[in-house]
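K.L.:
Have a look at the structure that comes next, please.
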Amino acid sequence: MWRNQGTALLLHAVIGMLIWFGAGAAMELLIRLRIAADGLSDYIFLFFCLVGLLFYYWAGKRYLRKLSTKQENLLSVSLVSIIGILLWGSCYFFTDGGFAWVPYMLYNAALYPLITLFPADGEAFFVIVAFLPSLVFWLALQRQERRT
4 MWRNQGTALL
14 LHAVIGMLIW
24 FGAGAAMELL
34 IRLRIAADGL
44 SDYIFLFFCL
54 VGLLFYYWAG
64 KRYLRKLSTK
74 QENLLSVSLV
84 SIIGILLWGS
94 CYFFTDGGFA
104 WVPYMLYNAA
114 LYPLITLFPA
124 DGEAFFVIVA
134 FLPSLVFWLA
144 LQRQERRT
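The opening position of the sequence shown corresponds to residue 4 in the numbering used here, with each subsequent residue numbered one higher.
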């Protein structure tokens with residue numbers, strides 16, 4: 004179980020960096036080509052968010068070890084979301100917004116494109132985003148053949 008926790012955290016960080024830089028590079032390219040309209044950027048952000056979720060699923064099937072029960076599988080990948088929820092709570096309850104949300108946004112870098120599509124006062128929605136990585140990892144474990 005602890006191996007999955009560490010692996011899931013590492014995968015979360017790597018996928019976050021890939022999506023963050025990939026979405027940034029795509030937006031930079033659109034700006035340079037002078038075709039970056041607001042509507043188009045929303046679709047690109049959604050595309051990168053979906054790619055990020057697919058990366059979570061693929062990485063979960065590839066690098067995480069399936070355990071005996073569904074509950075053990077869920078617990079073995081839950082640390083990613085627990086940290087996300089703690090960061091969300093500290094930002095939501097103890098700050099006035101703005102730059103105080105940067106740690107949460109960086110921690111959830113793979114889903115940052117999804118977060119940007121919601122209005123600034125939609126912080127309550129952000130808690131749902133914190134659950135997505137663990138949920139997708141868990142779904143990948145459920146679909147995985149048991150390794151011996």
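Ideal Cβ placement from N, Cα and C applies to all residues, glycine included. This structure is a prediction, so every number in the text was calculated from the model and none was measured.
Indicate the three-state DSSP secondary structure (helix, strand or coil) for Asn-111 in the structure shown.
P.N.:
The sequence position of residue 111 within the sequence shown is 108, counting from 1. DSSP places Asn-111 in coil when its eight states are reduced to three.
K.L.:
What would DSSP say about Ser-137, mapped onto helix, strand or coil?
P.N.:
As a working note, residue 137 is residue 134 in the sequence shown. If DSSP states are grouped into helix, strand and coil, Ser-137 belongs with the helices.
K.L.:
Helix or strand or just coil, what does DSSP make of Gly-100?
P.N.:
What you label residue 100 is simply residue 97 of the sequence shown in a count that begins at 1. Three-state result, Gly-100: coil.
K.L.:
Find out if the Cβ-Cβ distance for the pair Leu-14, Phe-140 is shorter than 9 Å.
P.N.:
Along the sequence shown, one-based indexing puts residue 14 at 11. Along the sequence shown, one-based indexing puts residue 140 at 137. Taking 9 Å as the Cβ cut-off, Leu-14 and Phe-140 qualify as a contacting pair.
K.L.:
Does Leu-70 come out as helix, strand or coil in the three-state DSSP assignment?
P.N.:
Here residue 70 refers to the residue found at position 67 of the sequence shown. Leu-70 falls in the coil class under three-state DSSP.
K.L.:
Output yes or no for whether 9 Å exceeds the beta carbon distance between Pro-136 and Ser-93.
P.N.:
For the purposes of this step, residue 136 is taken as residue 133 along the sequence shown, with counting starting at 1. For the purposes of this step, residue 93 is taken as residue 90 along the sequence shown, with counting starting at 1. Result no, Cβ atoms of Pro-136 and Ser-93 do not sit closer than 9 Å.
K.L.:
Going by DSSP in three states, Phe-121 sits in which element: helix, strand or coil?
P.N.:
Indexing the sequence shown from 1 puts residue 121 at position 118. The answer is coil: DSSP assigns Phe-121 none of H, G, I, E or B.
K.L.:
When DSSP labels each residue in this structure, what does Ile-85 get in the three-state scheme?
P.N.:
Position 82 of the sequence shown, counted from the first residue, corresponds to residue 85. Reduced to three states, the DSSP call for Ile-85 is helix.
K.L.:
Only counting the same chain, and skipping five residues up and downstream in sequence, which positions put a Cβ closer than 7 Å to that of Lys-73?
P.N.:
By 1-based counting over the sequence shown, the position of residue 73 is 70. Excluding residues within five positions, the ones whose Cβ falls inside 7 Å are Gln-145.
K.L.:
Tell me the DSSP secondary structure of Thr-151 in three-state form.
P.N.:
Working through the sequence shown from its first residue, we reach residue 151 at position 148. Because the pLDDT of Thr-151 is 48, which lies under 50, any placement of that residue in the model is unreliable, and the number read from its coordinates should be weighed accordingly. Here Thr-151 sits in coil by DSSP.
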